[in-house]
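Numbering (full-length UniProt numbering), first residue to last: 1 to 183. Right, one structure below, let's go through it.
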């Protein structure tokens with residue numbers, strides 16, 4: 001067996017990089033960052049009600065949105081679906097449309113929900129949300145505190161519409177950038 005000796009360690013200051021002592025112009029450096037494996041996947045969703053009756057001012061709160069999301073994930077993936085971490089980033093409820101805007105745009109009067117999930121679970125969440133249909137029912141004729149104010153709704157269903165999915169939130173919020181280089 002080889003003998004082991006104690007070796008005295010000395011610390012020396014690290015050599016300083018050579019500096020140019022002549023006057024140089026201050027230049028700006030351009031730095032680039034490439035994120036190849038983002039941690040999150042982002043979704044923009046719409047909650048679409050399906051009913052034979054008129055629904056006015058359909059809105060949603062965070063608790064109801066989370067229960068609909070967890071219901072979709074557990075229906076598609078079982079118990080494993082409930083373990084997926086879903087962060088609700090924003091809920092945008094529709095404002096009351098003006099009389100001249102009532103027939104203009106389909107989908108403008110439904111709530112939008114932005115969520116964030118781990119990137120590895122993004123495909124499973126997409127499949128679960130796009131295939132889910134939940135129930136929208138109430139015994140009193142109007143939907144309760146969480147799912148908005150409805151008049152004349154006795155029963156119906158709701159479904160998630162996936163409007164956008166991406167690895168970067170700015171792409172979801174601002175669109176695909178198609179018009180960036182257009183004149």
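In this text, a Cβ means the ideal position worked out from N, Cα and C, and glycines have one as well.
Inset, instruction - Go ahead and pull the three-state DSSP assignment for residue 28. - result: Within the chain shown, residue 28 is the residue found at index 28, counting from 1. Note: residue 28 maps to coil in three-state DSSP.
Legend entry - Contiguous beta strand (DSSP E) assignments of at least 3 residues, all confined to the UniProt domain "Ribonucleases P/MRP subunit Pop8-like" (39-132): 40-50, 87-92, 112-118
Inset, instruction - Provide the residue span of the alpha helix (DSSP H) that contains residue 170, from first to last. - result: Here the question's residue 170 lines up with position 170 in the chain shown. Start and end: 169-174.
Inset, instruction - Give the C-beta separation of residue 157 and residue 131 to the nearest angstrom, bearing in mind that I take them to be a contact with Cβ-Cβ under 8 Å. - result: Within the chain shown, numbered from 1, the residue matching residue 157 stands at position 157. Within the chain shown, numbered from 1, the residue matching residue 131 stands at position 131. That pair is no contact at about 13 Å.
Inset, instruction - Look at residue 72 and residue 129 and say whether their C-beta atoms are less than 8 Å apart. - result: Numbered from 1 along the chain shown, position 72 holds the residue referred to as residue 72. Numbered from 1 along the chain shown, position 129 holds the residue referred to as residue 129. Yes, these two residues count as a Cβ contact at 8 Å.
Legend entry - Per-residue burial, residue 85 [other beta carbons within 10 Å of its own, 16 or more giving buried]: Here residue 85 refers to the residue found at position 85 of the chain shown. Result: exposed.
Inset, instruction - Closer than 6 Å by C-beta to residue 125: which residues in its own chain qualify, once you throw out the five before and the five after it? Chain order, please. - result: For the purposes of this step, residue 125 is identified with residue 125 of the chain shown, where counting begins at 1. 117, listed in sequence order.
Legend entry - Residue of 120, 161, 77, 31 minimising C-alpha distance to residue 40: Your numbering for residue 40 matches position 40 in the chain shown. If we check each option's Cα against that of residue 40, 120 comes out closest.
Inset, instruction - Counting only the same chain and skipping the five closest in sequence on each side, list residues whose C-beta sits under 8 Å from that of residue 77. - result: By one-based count along the chain shown, residue 77 stands at place 77. If we look at residue 77 and ignore the five residues flanking it on each side, its Cβ neighbours are 84, 124, 128.
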